[in-house]
Amino acid sequence: MTELVLPRAGLAGMLRSEWTKLRTVRSTMWSLVAMAGIAIGLMSLFAWALMQQWSTADDGSHSYFTQHPLEIVIARPVFIAQLVIAVLGVMVISAEYTTGMIRSTLQAQPRRLTVLTAKILVFASLMLVVGEVLAFAAFFLGRAIIAEHIPVSLGDPGVARSVAGAGLFMAVLGLFSLAFGAIIRHTAGAITGVLGLILIVSPLTALLPGSWGAHINAWMPTNAGQLIFEPTLSPDALLTQWQGLAVFGGWTVLLLAVAAYLFKTRDA
1025 MTELVLPRAG
1035 LAGMLRSEWT
1045 KLRTVRSTMW
1055 SLVAMAGIAI
1065 GLMSLFAWAL
1075 MQQWSTADDG
1085 SHSYFTQHPL
1095 EIVIARPVFI
1105 AQLVIAVLGV
1115 MVISAEYTTG
1125 MIRSTLQAQP
1135 RRLTVLTAKI
1145 LVFASLMLVV
1155 GEVLAFAAFF
1165 LGRAIIAEHI
1175 PVSLGDPGVA
1185 RSVAGAGLFM
1195 AVLGLFSLAF
1205 GAIIRHTAGA
1215 ITGVLGLILI
1225 VSPLTALLPG
1235 SWGAHINAWM
1245 PTNAGQLIFE
1255 PTLSPDALLT
1265 QWQGLAVFGG
1275 WTVLLLAVAA
1285 YLFKTRDA
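Be aware that the sequence shown starts at 1025, since it is given in the working numbering, and climbs by one per residue.
Rendered as structure tokens:
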């Protein structure tokens, strides 16, 4: 009697599996819709309110926003969106530990690094597409609102790179958060860690004294990454825009390497 030998599931099969899990979980789609709606909605409200008060605003405000139009149409939407991205990135993997589904996943595919690689590739692809769509949608909508008083175009120096870079920043942030989820494996703990780093620790490093404090602040993951959507930098900036994104990417690769080691060696 011939024994039936089933083919081993490979990366292609895991990619399909992870994409199915990601798109069929309603919280994922609703999170993305909420991220886009809230980020663009609040940006539009702020831009509209600013234009309504433009005639009564002081010269300092006129000068600042005229010189930094992307502060309105890119920086603010990304600031809001990053909170949702961080939560979503953590939950991509931590939710499986919470529900116990990770055991079923690893029974179906014992090669753990294949499982983690599939999660990383699928989520990175999703966040890259969503990030770029959100960044360009925010730019064009915001530009239409502020055009009467603050002209800005993709053809302006550094603007196209800044808008595209905002989408890249969101994709890297998603992987950064996924790594936190894989390392900590507890949803609340990982979300607290990521948001604490983004919203509390990174800004507080600006208070550190001396040149060493300036270097620590510049090399913090999200501080460095956010340089990518700045059209121009001051002459004394420690990193260029692409160097900043590379630093953020380096932190993310390091965390993913730690996550891969722990994912392979720890019990599910």
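Beta carbons are placed, not taken as given, at the ideal position from N, Cα and C, and that holds for glycine.
These figures come from a predicted structure and were not determined experimentally.
- Under the criterion of beta carbons closer than 8 Å, A1058 and I1117 do not qualify as touching, at roughly 20 Å.
- Inclusion of I1224 and Q1106 in the CB contact set at 8 Å is not warranted, their separation being larger than that value.
- For I1174, there is no enclosing alpha helix (DSSP H), as DSSP marks it with neither H nor E.
- With respect to the C-alpha of L1035, the residue from S1051, S1128, T1138, E1120 having the closest C-alpha is T1138.
- With a beta-carbon spacing of about 6 Å, F1147 and L1202 fall inside the 8 Å limit used to define contacts.
- At the C-beta level, E1156 and A1188 come within 8 Å of one another.
- Around the Cβ of Q1250, a 10 Å sphere holds 16 or more other Cβ atoms; the residue is buried.
- The residues A1238, H1239, A1242, in chain order, have a CB closer than 7 Å to that of L1262 in the same chain once the five nearest residues on each side in sequence are set aside.
- In the structure shown, the three-state DSSP call for R1209 is coil.
- For L1257, the closest C-alpha among the options Q1091, T1080, L1145 is that of Q1091.
- For L1112 against S1055, the beta-carbon gap comes to about 5 Å, under 8 Å, which counts as contact.
- Where E1042 is concerned, the enclosing alpha helix (DSSP H) starts and stops at 1035–1048.
- Annotation for R1100: the continuous alpha helix (DSSP H) segment containing it runs 1100–1123.
- Per DSSP, reduced to three states, the secondary structure at L1232 is coil, with no helix or strand assignment.
- The closest CA to that of G1037, considering only A1073, T1129, A1230, G1124, is found on T1129.
- DSSP, read as helix, strand or coil, puts T1256 in coil.
- Annotation: the continuous alpha helix (DSSP H) that includes A1270 extends over 1265–1289.
- Beyond the five residues adjoining it in sequence on each side, A1195 comes within less than 8 Å, by CB distance, of A1148, M1151, L1152, G1155 in the same chain, given in chain order.
- Distance from the Cα of A1161 is smallest, within the candidate group M1067, T1229, E1172, for M1067.
- Here P1093 carries a coil assignment [DSSP, helix/strand/coil].
- Annotated as distal: L1094 and P1227, with beta-carbon spacing of 8 Å or more.
- Taking the C-beta atoms as reference points, F1200 is found no nearer than 8 Å to L1269.
- Pairing G1217 with I1208 gives a Cβ-Cβ distance under 8 Å.
- Of the residues V1102, R1050, T1289, the one whose Cα lies closest to the Cα of N1247 is V1102.
- Around the beta carbon of A1212, a 10 Å sphere encloses fewer than 16 other beta carbons of the protein chains shown; the residue is thus reported as exposed.
- Of the candidates L1231, A1190, A1230, the residue whose Cα lies closest to the Cα of F1272 is A1190.
- When secondary structure is reduced to three states using DSSP, M1075 falls in the helix class.
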